[in-house]
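A.B. asks: Chains as they are written, first to last, in my numbering: chain P, 1 to 377; chain S, 378 to 754; chain G, 755 to 1131; chain A, 1132 to 1508.
4 protein chains.
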Amino acid sequence: MQPLRIGLIGTGFMGKAHALAWRNVHSVFGDSLGPVPGIALATLCDQPQDKAAQMAREFGFSRAVSDWCEITQDPAIDIVSITTPNGLHREIAIAALRAGKHVWCEKPMALTLEDAAEMRDAARASGRATMLGYNYTHNPAYAHARRLLADGAIGRPVQFRGWADEDYQADPDLPWTWRARLEDAGLGALGDIGCHLVSLAWGLLGPVESLRAEIQTLHETRPLPDGSGRGRVENEDTASALLRFANGVRGSMVISRAAWGRKSRLGFELHGTEGMILFDQERMNELRLYQNRGPLAEQGFKTILTGPAHPPYGRFCPAPGHQLGINDLKVIECAAFLRAVAGLEPCQPDFALGHAFERVIHAMAESGRADGRRITL
Amino acid sequence: MQPLRIGLIGTGFMGKAHALAWRNVHSVFGDSLGPVPGIALATLCDQPQDKAAQMAREFGFSRAVSDWCEITQDPAIDIVSITTPNGLHREIAIAALRAGKHVWCEKPMALTLEDAAEMRDAARASGRATMLGYNYTHNPAYAHARRLLADGAIGRPVQFRGWADEDYQADPDLPWTWRARLEDAGLGALGDIGCHLVSLAWGLLGPVESLRAEIQTLHETRPLPDGSGRGRVENEDTASALLRFANGVRGSMVISRAAWGRKSRLGFELHGTEGMILFDQERMNELRLYQNRGPLAEQGFKTILTGPAHPPYGRFCPAPGHQLGINDLKVIECAAFLRAVAGLEPCQPDFALGHAFERVIHAMAESGRADGRRITL
Amino acid sequence: MQPLRIGLIGTGFMGKAHALAWRNVHSVFGDSLGPVPGIALATLCDQPQDKAAQMAREFGFSRAVSDWCEITQDPAIDIVSITTPNGLHREIAIAALRAGKHVWCEKPMALTLEDAAEMRDAARASGRATMLGYNYTHNPAYAHARRLLADGAIGRPVQFRGWADEDYQADPDLPWTWRARLEDAGLGALGDIGCHLVSLAWGLLGPVESLRAEIQTLHETRPLPDGSGRGRVENEDTASALLRFANGVRGSMVISRAAWGRKSRLGFELHGTEGMILFDQERMNELRLYQNRGPLAEQGFKTILTGPAHPPYGRFCPAPGHQLGINDLKVIECAAFLRAVAGLEPCQPDFALGHAFERVIHAMAESGRADGRRITL
Amino acid sequence: MQPLRIGLIGTGFMGKAHALAWRNVHSVFGDSLGPVPGIALATLCDQPQDKAAQMAREFGFSRAVSDWCEITQDPAIDIVSITTPNGLHREIAIAALRAGKHVWCEKPMALTLEDAAEMRDAARASGRATMLGYNYTHNPAYAHARRLLADGAIGRPVQFRGWADEDYQADPDLPWTWRARLEDAGLGALGDIGCHLVSLAWGLLGPVESLRAEIQTLHETRPLPDGSGRGRVENEDTASALLRFANGVRGSMVISRAAWGRKSRLGFELHGTEGMILFDQERMNELRLYQNRGPLAEQGFKTILTGPAHPPYGRFCPAPGHQLGINDLKVIECAAFLRAVAGLEPCQPDFALGHAFERVIHAMAESGRADGRRITL
């Protein structure tokens, strides 16, 4: 098989994560990937050109460009990794899909729900594989949570409690940036981290039927970097919601980008009729499980350390409890996408499901702006 | 000074806790109580009479009766401790207050908001000291959280997240009891444990201005104990709410009596502009604090073990970290009440504040029944 | 039955704990104690007399004295609680036993092994009930650990790891006190906290056969309180040992009174052929259990919160996970002693077993002084 | 600069980790490596040849061989990564060094101390860079612990407590393997995991001066895989030691390969005169720090989540608390080795230091066999 030729656009946090994932996916997964082509790191795009050239050298790409069209329109590119600022996702993804590329795009999909819908439609029309960067859903601990739920380990699910907290906007004295502007950044905490929480909830419980939410901008203005006064923060620092899932389960979500001390707190409690499952990304190699089984005197929450019994952990390390990291999740995500590109099985979340996630966070924002009005999805 | 003569009504979970508190309050607090009278364990009431007699013997009361009127109408009683089923609180408390007694009553105040309001009015009219059994607010760890907040340790508070979970109704196969009937038990999880969460939030942030809530009865019927079929569960197993405090802080509360594995999980995150405070009753001797202070590389959540630096811990034990227990909190509560009875300083939560708490949980129930309508308090 | 008349000597940390235990034991345990007499708080001894008088008032004792002989030689006293500085234990206990009293004495038994042996002999000769204040062995969580071990929950025990750490002597600038002098205080960390660890190990594994140890005085001199220079610290701040139990299990113990941040860290790992049990007093209401049972993917350490399923927790509170405190352990200890006094069943650790514990800590000190020479017990 | 040509021998747990590290080191570290050559994945060795060929394909090596001499004697190889069974380390490493290669070798160095000494001598004679695979010492959390210590964050160190526990030999029914034979495997738990603990201690406190130890084989025989009876386990399942460091600090170590529930528990408490540092590899992204600073009421152990403030975490991820994994540590190790190969700065632990670690574990084994005799190093 000819190797798949990768074009990577963007070299920041997620650009690097994609680059490492492409570099490692075959070495980590080997034969377990099934009959998939090899990978060629073809073209990397960033600006200016000399930065692109340097990052291409570091990441091992053959060619560097500063105009992303040189990737989307290059017939010698099979797959496009999009890791640019969110405002560019729509245009690049649609161009790539129309040019017949498979597209792996970071979350959130787009600045607006309309843009996300266009992307979904373009994906459907193209017939190409798409994948959105919901890396936390690929954690073996989370996969095990899903398996436990499916196996009835906690009975029937009855309540979901989710949280997504970081503190990168907690400091009131941080300067104003483009992140604060709706036109540039779209949603605030909901787009950055809330959508990750939605992806975790969805994988356990399926679609959200309706919700009510509260949003708040805690720090309404921030000092302009040029010292010329203060700029307005247009998007939300926090969001909280009461949700009803289509399967009847009710839940809540609390989300903040201004939660001091939280660095990557993203997790949930899933209450069932026979037990409870807990997960939090800040201890991403642990899953906690309570089951109403055995003598009462011996019941308690179990802390399960992930290991080879929780695939595909064993592809990274044959010894349990030795810890995966955040970049490893991206390799697992990459493997799923690669199998979809090779036509072996669909990957999730694709642009269709990603659009559904966007509907939930935009519904929260809308409800929040409308004093908590119930939004039915 | 003549000792204060105590009449205790009820000998269950809380009856025993009150009895122990009365037995211990002087021994634990000694001179630190200030000029307060001694205590005489005068009369204990339970049914039937021989049970009352036995418990009076065990708890050290001089006299046993089976009709609570013999306490409320006895001129030789100064203070009445009410620990009966909730449905009796109103009648006994009002009788006691009208007879000029000071009243220490377990929470929740009453089955309905109207009953609670009557109790509040009777208390006001009587001029007597009243106290409601919100023991968790007397935890030295919680008192320290309040002090930290007041001292600006986390800056200005911006968000509250509270939870109150137990699992005593988690098992779908538990038989139906009077607890399931509105007429007998009033609210469900909100009355049992939700009101405790309200008391903790109030002590930090003051009154709730408005809220929206969701309530759910997870197990809608339960087997009747006589085997004659299934009885309906009329009150809520879970409640979740989005709240706005009068001071502008927004928050959320999640409450469940069917949360497997949770035995006494009652706590909160308080997010501030400069830090965060965390508390949970299941580790009641620990308080967690994050502060945006000092070098970033050394920032983290601190786990503070309570000790003599957190009064009145030192009255129980001069060594830090040696652990108080739930019954110790009742002794602290008793001391506060005793000082109020002696006219030294008012105690909280009295019947006026207790009624305010009831308004919050009943507002949650009302909003929940009305599809999450906003209720303004 | 005539009530048992209590004489309490000492009113500090442990004096108060004994007083509260005597006040509460019947109220807490009620009928479950079996046919035991009631309690009369007869005489309290402290110095000077007016302090004794005040504490007698606070603790509810009928009479106050300043000479302990007035308790040991009073025919109207049945039981003597000894909570004085350790150097007085021997003389008081022997006087009390010779006078036919039952004796409840705080640990460590005495300053020297010879003194402890005399006490043991006096106890044996008297035929009276004796009890040493090893309160941590009465924790329902620890009792459950013993039960789990006996039931084979972790298979055959193979290794013990114990620790006992506090930080009350961690600060190098603390002034010199009598605690630093061998003649007044006897052993250092070994006597204060090491013996507690020995009591926990013994209850699980029985006698120690031999050991090697290391001891160290971290802060060799301390400022004299009168400013006249520095005084020498004669006893150990830390002790570490490798032990062989008579049943073949091997273990280690690490002990420090200078371990910053540790307030009441006293616990163990017990490794078995089929699992592990963990306990630590700083989270005294939790027991952790790992069992090699069920699917590997679901194995993990369980955190068991103590509750009514772990007797006698339920005597304090009918709801699980609501937390006992350190003073509650003393009530449980008191109940065991009371049953022994009433002749219902022997209590542990009595003076014979207490002497065996002393042999272990003195062996550690001796080995430590002799460069780690093996001491066979 | 010509790229450095890598020869990798072995493709198991550590072989894969080396391969991934070589693949990623430039992409992760980029310019921060300084002026170092690029990497060419030249030759991979495993047996049989077709396995080597497959792994070469997966890991991206140009050539596959089944005889390691084809690597050590190939002038076109600059660096040899040795990840074979321990018994082969000596022969391969010495051959490689004599042929002028730089050598990165997994730990433990060799089966015997003599072999390790030969390796050390060969390294010294060669003048080439050597590195031993003590990956845990490269954790940014551990590096931060070292920095805190050096900066006086906990004052002067006074006591070390270390542990290294896994459960891969806990099951008594596991079959006998070559791991149980001294001749094939050398030491047991000491060689597998004890040496890691030694490496962590050394980095904090320097050389060990003397020690006493206890070793035990818990499961003395195991079923032979061919069903022909039981084979003897010749090396230790557990080791415990009391140590004296040359700087005067005393410490203890407990090590087990049969500690049920422990998957990668490797860590320490470092007690200082002004605070304590705690680390455990099972939560490798957390460091705990207690400092005797500020008001007593606010003191507690801080849990620091590693992030960009703890270099080189930021090379993997710009967001704090997002978690590194075990394989990331190997990339950091690789970077240090690469800089040493390029002559920029020496790397640690090289073969000289690695030999010193071996002396410690062999001293523990020797002391253990000699009833705990003191061994001076």
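Using N, Cα and C, we set each Cβ at its ideal position, and we do this for glycine too.
Using a Cβ-Cβ cutoff of less than 6 Å, which residues in the same chain neighbour G:A883 once the five nearest sequence positions on both sides are dropped?
C.D. replies: Position 129 of the third sequence holds residue 883 of chain G. Closer than 6 Å at Cβ, skipping near neighbours: H856, A1094 and V1095.
A.B. asks: Output needed for A:P1168: all residues of its chain with C-beta closer than 7 Å, excluding positions within five of it in sequence on either side, in chain order.
C.D. replies: The residue labelled residue 1168 of chain A in the question sits at position 37 within the fourth sequence. Excluding residues within five positions, the ones whose Cβ falls inside 7 Å are M1132, Q1133, P1134, L1135 and A1473.
A.B. asks: Would you check if the stretch 355–369 of chain P and the stretch 208–215 of chain P touch, i.e. whether three or more CB-CB distances between them fall below 8 Å?
C.D. replies: Yes, since at least three Cβ pairs between the stretch 208–215 of chain P and the stretch 355–369 of chain P fall closer than 8 Å, the two stretches touch.
A.B. asks: Please determine if the stretch 1160–1179 of chain A and the stretch 66–83 of chain P are in contact, where contact requires at least 3 C-beta pairs separated by less than 8 Å.
C.D. replies: Verdict: no, contact absent.
A.B. asks: Under a Cβ-count criterion, where at least 16 other Cβ atoms within 10 Å of its own Cβ denotes burial, should P:D151 be classed as buried or exposed?
C.D. replies: Start at 1 with the first residue of the first sequence, and residue 151 of chain P comes out as number 151. Its Cβ having fewer than 16 others within 10 Å, P:D151 is exposed.
A.B. asks: Check S:W399 in the structure and name its three-state DSSP category.
C.D. replies: Translated into positions along the second sequence, residue 399 of chain S becomes position 22. Three-state DSSP puts S:W399 in a helix.
A.B. asks: Quick one: using the 10 Å Cβ neighbour count with 16 as the cut-off for buried, is A:G1379 buried or exposed?
C.D. replies: Looking up residue 1379 of chain A in the fourth sequence gives position 248. Classification of A:G1379: exposed, given that the 10 Å Cβ count is below 16.
A.B. asks: Would you check if the distance between the CB atom of A:G1406 and the CB atom of A:N1423 is smaller than 7 Å?
C.D. replies: Here residue 1406 of chain A refers to the residue found at position 275 of the fourth sequence. Here residue 1423 of chain A refers to the residue found at position 292 of the fourth sequence. Cβ atoms of A:G1406 and A:N1423: closer than 7 Å.
A.B. asks: Rounded to whole angstroms, what's the CA-CA distance from G:L944 to A:A1496? Just pull it up for me.
C.D. replies: The residue labelled residue 944 of chain G in the question sits at position 190 within the third sequence. The residue labelled residue 1496 of chain A in the question sits at position 365 within the fourth sequence. Whole-angstrom Cα-Cα distance: 28 Å.
A.B. asks: P:A53 and P:A64 look like a contact to me (Cβ under 8 Å); what is the Cβ gap, rounded to whole Å?
C.D. replies: To locate residue 53 of chain P, count along the first sequence from 1; it is residue 53. To locate residue 64 of chain P, count along the first sequence from 1; it is residue 64. Sure, about 4 Å apart at Cβ, within 8 Å.
A.B. asks: List, in chain order, every chain G residue whose beta-carbon is nearer than 8 Å to that of P:L305.
C.D. replies: Within the first sequence, the letter at position 305 stands for residue 305 of chain P. What P:L305 touches in chain G: G1054.
A.B. asks: If I'm right that P:G251 touches P:Q159 with Cβ under 8 Å, what's the distance once you round it to whole angstroms?
C.D. replies: Counting from one through the first sequence, the residue named residue 251 of chain P turns up at place 251. Counting from one through the first sequence, the residue named residue 159 of chain P turns up at place 159. With 8 Å as the limit, P:G251 and P:Q159 qualify as a contact, their Cβ atoms being about 6 Å apart.
A.B. asks: What number of angstroms, rounded off, separates the C-alpha of S:W399 from the C-alpha of G:M1007?
C.D. replies: Along the second sequence, read from residue 1 onward, the residue named residue 399 of chain S stands at position 22. Along the third sequence, read from residue 1 onward, the residue named residue 1007 of chain G stands at position 253. Roughly 42 Å between the two C-alpha positions.
A.B. asks: Using the rule of at least 16 other Cβ atoms within 10 Å of the residue's Cβ for burial, across every protein chain shown, is G:P862 buried or exposed?
C.D. replies: For the purposes of this step, residue 862 of chain G is taken as the residue at position 108 of the third sequence. G:P862 comes out buried.
A.B. asks: G:A1051 versus chain P: which residues are under 7 Å apart at the beta carbon?
C.D. replies: Here residue 1051 of chain G refers to the residue found at position 297 when the third sequence is read from its first residue. Correct list: H144, A309 and H310.
A.B. asks: In its own chain, which residues sit with a C-beta less than 6 Å from the C-beta of P:R288, not counting the 5 before and 5 after it?
C.D. replies: The residue given as residue 288 of chain P occupies position 288 in the first sequence. For P:R288, where only same-chain residues beyond five positions count, the Cβ hits under 6 Å are L278, F301 and T303.
A.B. asks: I need the boundaries of the beta strand (DSSP E) containing G:S994, first residue and last residue.
C.D. replies: Translated into positions along the third sequence, residue 994 of chain G becomes position 240. Counting along the chain, the beta strand (DSSP E) containing G:S994 begins and ends at T992 to F999.
A.B. asks: Compile a chain-ordered list of the residues in the stretch 1344–1359 of chain A whose CB is closer than 7 Å to at least one CB of chain G.
C.D. replies: So the list reads E1345, Q1347 and L1349, given in the order they occur along the chain.
A.B. asks: Determine the chain P residues that contact G:L1043 at a beta-carbon separation under 8 Å, and present them in chain order.
C.D. replies: Taking the first residue of the third sequence as 1, we reach residue 1043 of chain G at position 289. Here the neighbours are E298 and G300.
A.B. asks: Could you check if A:S1359 is buried or exposed, using at least 16 other CB atoms within 10 Å of its CB as the buried criterion?
C.D. replies: On the fourth sequence, position 228 is the one that residue 1359 of chain A refers to. Answer is exposed; the Cβ neighbour count stays below 16.
A.B. asks: List the residues of chain B that A:F1190 touches, going by C-beta distances under 8 Å, in chain order.
C.D. replies: The structure shown contains no chain B; its protein chains are P, S, G and A.
A.B. asks: Fully enclosed by the stretch 812–855 of chain G, which alpha helix (DSSP H) runs are 4 residues long or longer?
C.D. replies: Taking only runs of at least 4 residues, the alpha helix (DSSP H) segments lying wholly in the stretch 812–855 of chain G are 823–826 and 843–852.
A.B. asks: Is the Cβ-Cβ distance between P:S264 and A:G1362 less than 7 Å?
C.D. replies: Within the first sequence, residue 264 of chain P is the residue found at index 264, counting from 1. Within the fourth sequence, residue 1362 of chain A is the residue found at index 231, counting from 1. Taking 7 Å as the Cβ cut-off, P:S264 and A:G1362 do not qualify as a contacting pair.
A.B. asks: Assuming P:K302 is part of the beta strand (DSSP E), what are its boundary residues?
C.D. replies: What you label residue 302 of chain P is simply residue 302 of the first sequence in a count that begins at 1. F301 to L305 is the extent of the beta strand (DSSP E) around P:K302.
A.B. asks: With DSSP collapsed to three states, give me the class of P:C105.
C.D. replies: Along the first sequence, one-based indexing puts residue 105 of chain P at 105. Strand.
A.B. asks: Report the start-end ranges of each beta strand (DSSP E) in the stretch 644–691 of chain S that is 3 residues or longer and not cut off at the edges.
C.D. replies: Counting whole runs of 3 or more residues, the stretch 644–691 of chain S contains the beta strand (DSSP E) stretches 652–657, 663–668 and 678–682.
A.B. asks: What first and last residue would you give for the alpha helix (DSSP H) that runs through S:M378?
C.D. replies: As a position in the second sequence, residue 378 of chain S is number 1, starting the count at 1. Taken as a continuous stretch (DSSP letters only), S:M378 belongs to no alpha helix (DSSP H), as it is neither H nor E.
A.B. asks: With DSSP as the reference, label A:D1323 as helix, strand or coil.
C.D. replies: Counted from its first residue, the fourth sequence places residue 1323 of chain A at position 192. Three-state DSSP puts A:D1323 in a helix.
A.B. asks: Which value, in whole angstroms, describes the spacing of the CA atoms of S:G384 and S:G671?
C.D. replies: Walking along the second sequence from the start, residue 384 of chain S turns up at place 7. Walking along the second sequence from the start, residue 671 of chain S turns up at place 294. Straight-line Cα distance between these residues: approximately 54 Å.
A.B. asks: For A:D1252 and P:G203, I'd like the C-alpha separation in whole angstroms.
C.D. replies: For the purposes of this step, residue 1252 of chain A is identified with residue 121 of the fourth sequence, where counting begins at 1. For the purposes of this step, residue 203 of chain P is identified with residue 203 of the first sequence, where counting begins at 1. Those two C-alpha atoms are separated by around 57 Å.
A.B. asks: Helix, strand or coil for G:V1003 per DSSP?
C.D. replies: Stepping through the third sequence from its first residue, residue 1003 of chain G is reached at position 249. Coil, per DSSP.
A.B. asks: Check whether the stretch 503–517 of chain S touches the stretch 232–246 of chain P, counting contact only when three or more Cβ pairs, one atom from each stretch, lie closer than 8 Å.
C.D. replies: As far as the Cβ criterion goes, the stretch 503–517 of chain S does not touch the stretch 232–246 of chain P, which means the pair count is below three.
A.B. asks: Please go through the same chain and pick out, in chain order, the residues whose beta-carbon is closer than 7 Å to the beta-carbon of A:I1324, but skip the five residues on each side of it.
C.D. replies: Looking up residue 1324 of chain A in the fourth sequence gives position 193. Result list for A:I1324: A1295, E1297, I1386, R1388 and L1397, in chain order.
A.B. asks: Given that a residue counts as buried once 16 or more other Cβ atoms are within 10 Å of its Cβ, and exposed if not, what is P:D67?
C.D. replies: Locating residue 67 of chain P in the first sequence gives position 67, where the first residue counts as 1. Flag for P:D67 reads exposed.
A.B. asks: By a C-beta neighbour count over all protein chains shown, 10 Å radius and 16 as the cutoff for buried, is P:S126 buried or exposed?
C.D. replies: Within the first sequence, numbered from 1, the residue matching residue 126 of chain P stands at position 126. Burial call: buried.
A.B. asks: Which word fits A:T1203, buried or exposed, when buried means at least 16 other C-beta atoms lie within 10 angstroms of its C-beta?
C.D. replies: To locate residue 1203 of chain A, count along the fourth sequence from 1; it is residue 72. It counts as buried.
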